[in-house]
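For what it's worth, the working numbering labels the leading residue of the sequence shown as 221, then goes sequentially.
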Amino acid sequence: MTETKTTTLYEAIGGDAAVRALTQRFYELMGSLPEAARCRAVHPADLSGSEEKFYEYLTGWLGGPPIYVERRGHPMLRRRHFVAEIGSAERDEWLLCFTRALEETVSHPQFRQVILEPVTRLAHHMQNKE
Numbered sequence: 221m222t223e224t225k226t227t228t229l230y231e232a233i234g235g236d237a238a239v240r241a242l243t244q245r246f247y248e249l250m251g252s253l254p255e256a257a258r259c260r261a262v263h264p265a266d267l268s269g270s271e272e273k274f275y276e277y278l279t280g281w282l283g284g285p286p287i288y289v290e291r292r293g294h295p296m297l298r299r300r301h302f303v304a305e306i307g308s309a310e311r312d313e314w315l316l317c318f319t320r321a322l323e324e325t326v327s328h329p330q331f332r333q334v335i336l337e338p339v340t341r342l343a344h345h346m347q348n349k350e
């Protein structure tokens, strides 16, 4: 019998270095794109804490070490983000930054698609105002 090894998305896209690059680029774009101003405005002035939390969350979500859960408990993303007013504009701007960062840091188009589809659903779920 041949043993098959399952590869996670985390491993497939390049592991820790790839997730770091994705999250760093995401926050660089959010901080620099004029078309992301409303999304940026719902974040704290210093994005370093947000970037670290997003890195931790994505690491585990993509199949890497569950560092977010180990450090902070269950993500409860909608509950944790309820303090920020997230409408369709903020959601779409967030998705713009994430999509661009994903395109720039993950070279394989199928991996990007596999990541982007559930992230898009999650972004829509996070909207808490019209």
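All C-beta atoms, glycine included, are put in the ideal place defined by N, C-alpha and C.
Using beta-carbon positions only, say whether R245 and E313 come within less than 9 Å of one another.
-> no
Candidates T243, E290, V289 and A257: which alpha carbon is nearest Y275's?
-> T243
What is the residue span of the alpha helix (DSSP H) that K349 lies within?
-> Counting along the chain, K349 falls outside any alpha helix (DSSP H), and DSSP gives it neither H nor E.
Proximity below 9 Å, CB of L229 to CB of C317 = In this structure, C317 does not lie closer than 9 Å to L229 by Cβ.
To which residues of the same chain is L315 closer than 7 Å at the C-beta, ignoring the five residues directly before and after it?
-> For L315, same chain residues with a beta-carbon under 7 Å away, outside a window of 5 residues either side, are T340 and A343 in chain order.
Candidates M296, R300 and E310, of which the one nearest L253 by Cα | E310
Quick one: Cα of I306 to Cα of P338, how far?
-> Rounded to the nearest angstrom, the two C-alpha atoms are 18 Å apart.
Grouping DSSP H, G and I as helix and E and B as strand, with all else coil, what is D266?
-> The DSSP-derived three-state label of D266 is coil.
Runs of alpha helix (DSSP H) wholly within the stretch 294-350 (minimum 4 residues, chain order) = 297-301, 308-325 and 329-346
So does L253 have its beta carbon nearer than 8 Å to some heavy atom of the ligand COA?
-> Looking for the ligand COA in the displayed structure turns up nothing, as the structure carries no ligands at all.
Taking just the CA atoms, how far does G234 sit from V289?
-> Those two C-alpha atoms are separated by around 21 Å.
Three-state class that DSSP yields for T243 in the structure shown = helix
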